[in-house]
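The sequence shown lines up with residues 1 to 551 when you count with the numbering used here.
Structure, as structure tokens:
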Amino acid sequence: MKDFKNSVVYQIYPKSFNDSNNDGLGDLRGVVEKLDYLEGLGVDYIWLTPFFVSPQNDNGYDIADYYNIDPAYGTMEDFEALVEGATKRNIKIMLDMVFNHTSTHHVWFQKALQGDSKYKNYYIFRKGENGNPPTNWVSKFGGNAWEYVEQFDEYYLHLFDVTQADLNWENPELRQEVYNVVNFWIEKGVKGFRLDVINLISKPDLLENDYIGDGRRFYTDGPRIHQYLKELNENTFGKHEDIITVGEMSSTTIENCLKYSNPDEKELSMVFNFHHLKVDYKDGDKWKLKEFDFAELKDLLNTWQTSMMEGNGWNAVFWCNHDQPRIVSRLGDDKNYHEQSAKMLATAIHCLRGTPYIYQGEEIGMTNPYFNDINKYRDVESLNYYNILREQGHTEEETYDIIMARSRDNSRTPMQWNSDVNAGFSEGTPWIGVIDNYETINVERNLSDENSIYNHYKKLIHLRKQYNVIADGTYEPMLVDHEAVYAYRRLLDNEVLMVLNNFYGKDTTVTLNIEDFDDYTCLLSNYESQNLTNQMTLRPYESIIFYKKTK
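Laid out in structure tokens, this is it:
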């Protein structure tokens, strides 16, 4: 039985999680070594970002072989040991599959370059126009999204890095290859799949220039996307009651996400959307900074919660992942109210309608590293945009301010286990630097403090399993116009859960107008708890969960 509504998923970026052989790179054995820690936290699924054979131009999202494990991460025996160890602890494994594109090192693409028509049709090759690429679409990593291949006098499409060639889902032979990959890993005991940028796989029949944008409006939630997902479901994970799926939906819409995640549609279990993580993008541009728009954040969370509920869809709810800055540095205050703001942000997400996702280190309040030297960065996007920003006329200081706020490497620094060398991640030289604050922010210190951020997350996970209203209740916005507080109710039969979250570092007053406030008890707070009253003062970044059950 799929139990994803009361489950919690923990995302691991293996390269940065735990290094078992001290070569500076995290690996699968490193994950096995930390299974007791994850069991203690109480998570139900481990989502592993790609560990398949890859040249690592995009940290593994450029897959060169879907069936084999990159030696840097270990062996198939290591993976099997991970599945076995996790299963013993009632934890299931979720794999991250990239089916929008492959690495250009993949044997399919190499055969395509050799002129093999079968494999060339696995990709999207097109003739140019008057010496120009087929369209003016912009790659997600900067530059044109088409790369010229001289021997064909054609271009191939790459919505991401030039070494990530987009697959041609119009080709049924290619779709069958995808089914084979998914079924292979199901046989290995995998119980979940996260599908990378899956809503980009259906390209339009007519490829045309975009004179008002970067091209995404033509291929996002494309013309046959729902057909392809239904077929994928029918031929693979849909045959198994105990497998869950989550689609990463880039620049998507609520209408499409309802179709993706409504169980009647037989596509996916749930969806990620990222609209709420663009509220600090000036003019919608990731590389332009502004203070986050709290009113917009509230409106987006309320709109998605209510609309997905009304349409019987299901959200993956989250702040952090391997592509996003650390949320305590982004929406919290990692200097003056580190613990309080980290706990508040956790509470705000974990009591929502949806399946919560925790990204490694989030549960101990890991921060952005604030690297001010481009040589410390490893992410291809960050390195590209460092040059782009300088070419645009930004000073070096302005450029670093932007990169420090936006880089995907913010979330990719080594997991901070203890105060030993390299934060206990590795005795070797880590592939990317450890954050300077690891002596105070680490797992060991969190485990020894009953009021730690870690223990707050642990309590939130337990509450989801203990109170059905969190997993199954309806969602009702509260205090919609309040300038500092994000608040909501969850309702189920005779249960009411009320969640109040102060998003700012100063006291703020709320007026609730509740008649039966004496019936509520405090389930969890990030300060010494206070009783519910009709007028309350919330302290800086204070969050409180109140609960009542009527007879």
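By construction, the Cβ of each residue, glycine as well, lies at the ideal position given by its N, Cα and C atoms.
All values derive from a computational prediction rather than experimental measurement.
Cβ-heavy atom distance between residue i and the ligand COA below 6 Å?
{"i": "Pro223", "result": "Looking for the ligand COA in the displayed structure turns up nothing, as the structure carries no ligands at all."}
Using a Cβ-Cβ cut-off of 6 Å (strictly less than) and excluding sequence neighbours within five positions of residue i, which residues of its own chain qualify?
{"i": "Thr537", "result": "Asp507 and Thr509"}
{"i": "Leu497", "result": "Val469, Arg490 and Tyr547"}
{"i": "Asp333", "result": "Ser341 and Gly505"}
{"i": "Ser329", "result": "Thr367 and Asn368"}
{"i": "Asp472", "result": "Leu492"}
{"i": "Val43", "result": "Val8 and Tyr10"}
{"i": "Gln466", "result": "none"}
{"i": "Leu229", "result": "Glu267"}
{"i": "Asn136", "result": "Asn209"}
Measuring only the C-alpha atoms, how far is residue i from residue j?
{"i": "Pro369", "j": "Asn526", "result": "25 Å"}
{"i": "Ala72", "j": "Lys266", "result": "36 Å"}
{"i": "Ile327", "j": "Ile364", "result": "12 Å"}
{"i": "Val485", "j": "Ile358", "result": "23 Å"}
{"i": "Asp379", "j": "Glu39", "result": "31 Å"}
{"i": "Tyr475", "j": "Leu301", "result": "11 Å"}
{"i": "Pro50", "j": "Gly60", "result": "5 Å"}
{"i": "Ala346", "j": "Ser426", "result": "28 Å"}
{"i": "Val32", "j": "Leu82", "result": "5 Å"}
{"i": "Lys259", "j": "Gly284", "result": "26 Å"}
{"i": "Phe237", "j": "Thr104", "result": "27 Å"}
Please return the same chain residues whose Cβ sits closer than 8 Å to the Cβ of residue i, not counting the five positions on each side in sequence.
{"i": "Asn68", "result": "Phe52, Val53 and Met76"}
{"i": "Met1", "result": "Only weak support exists for where Met1 lies, its pLDDT of 45 falling under 50; the coordinates are left without a value."}
{"i": "Leu389", "result": "Trp287, Glu398, Thr399, Ile402 and Ile403"}
{"i": "Asp36", "result": "Arg89"}
{"i": "Gly222", "result": "Asn199, Leu200, Ile201, Ser202, Lys203 and Pro204"}
From this set, the options, which residue's C-alpha is nearest residue i's C-alpha?
{"i": "Phe546", "options": "Glu80, Leu289, Phe152 and Glu495", "result": "Glu495"}
{"i": "Tyr541", "options": "Ala342, Asn302, Cys257 and Asp516", "result": "Ala342"}
{"i": "Tyr122", "options": "Arg194, Lys551, Glu177 and Ser543", "result": "Glu177"}
{"i": "Glu381", "options": "Asp436, Trp287 and Tyr457", "result": "Trp287"}
{"i": "Trp304", "options": "Thr252, Glu291, Tyr228 and Tyr45", "result": "Thr252"}
{"i": "Lys290", "options": "Trp314, Glu528 and Asp280", "result": "Asp280"}
{"i": "Leu331", "options": "Glu450, Lys239 and Asp293", "result": "Asp293"}
{"i": "Ser307", "options": "Asn262, Gly284 and Cys351", "result": "Asn262"}
{"i": "Glu362", "options": "His322, Lys203 and Glu208", "result": "His322"}
{"i": "Gly189", "options": "Asp481, Lys92 and Asn418", "result": "Lys92"}
{"i": "Gln110", "options": "Ile46, Asp153 and Asp65", "result": "Asp65"}
{"i": "Gln227", "options": "Glu170, Lys282 and Val182", "result": "Glu170"}
{"i": "Asn410", "options": "Ile186, Trp417, Arg29 and Lys376", "result": "Lys376"}
{"i": "Ser407", "options": "Ile374, Glu208 and Arg445", "result": "Ile374"}
Kindly indicate which three-state DSSP category residue i falls into: helix, strand or coil?
{"i": "Met1", "result": "Reliability of the predicted coordinates at Met1 is poor, the pLDDT of 45 falling under 50, and no value is obtained from them."}
{"i": "Ser103", "result": "strand"}
{"i": "Val279", "result": "coil"}
{"i": "Asp166", "result": "strand"}
{"i": "Val499", "result": "strand"}
{"i": "Tyr486", "result": "strand"}
{"i": "Val31", "result": "helix"}
{"i": "Trp314", "result": "coil"}
{"i": "Pro414", "result": "coil"}
{"i": "Gln176", "result": "helix"}
{"i": "Phe425", "result": "coil"}
{"i": "Leu48", "result": "strand"}
{"i": "Phe152", "result": "coil"}
{"i": "Val8", "result": "coil"}
{"i": "Asp379", "result": "coil"}
{"i": "Met249", "result": "coil"}
{"i": "Ile93", "result": "strand"}
{"i": "Ile243", "result": "coil"}
Buried or exposed: residue i, going by 16 or more other Cβ atoms within 10 Å of its Cβ?
{"i": "Asn372", "result": "exposed"}
{"i": "Leu206", "result": "exposed"}
{"i": "Arg217", "result": "exposed"}
{"i": "Tyr337", "result": "buried"}
{"i": "Val9", "result": "buried"}
{"i": "Asn256", "result": "buried"}
{"i": "His462", "result": "exposed"}
{"i": "Ser139", "result": "buried"}
{"i": "Gly192", "result": "buried"}
{"i": "Thr550", "result": "exposed"}
{"i": "Ser452", "result": "buried"}
{"i": "Glu231", "result": "buried"}
{"i": "Gln164", "result": "buried"}
{"i": "Val107", "result": "exposed"}
Report all residues from its chain with a CB closer than 7 Å to the CB of residue i; omit the five preceding and five following residues, and keep chain order.
{"i": "Glu147", "result": "Tyr155, Tyr156, His158 and Val162"}
{"i": "Thr413", "result": "Ser16, Pro369, Ile432, Gly433, Val434 and Ile435"}
{"i": "Asn384", "result": "Phe141 and Gly142"}
{"i": "Pro430", "result": "Gly24, Pro414 and Asn422"}
{"i": "Asn6", "result": "Arg464, Lys465 and Ala471"}
For chain B, find out if any of its Cβ atoms is closer than 7 Å to the Cβ of residue i; answer yes or no.
{"i": "Asn100", "result": "In summary, chain B is missing from the structure at hand, where a single protein chain is found."}
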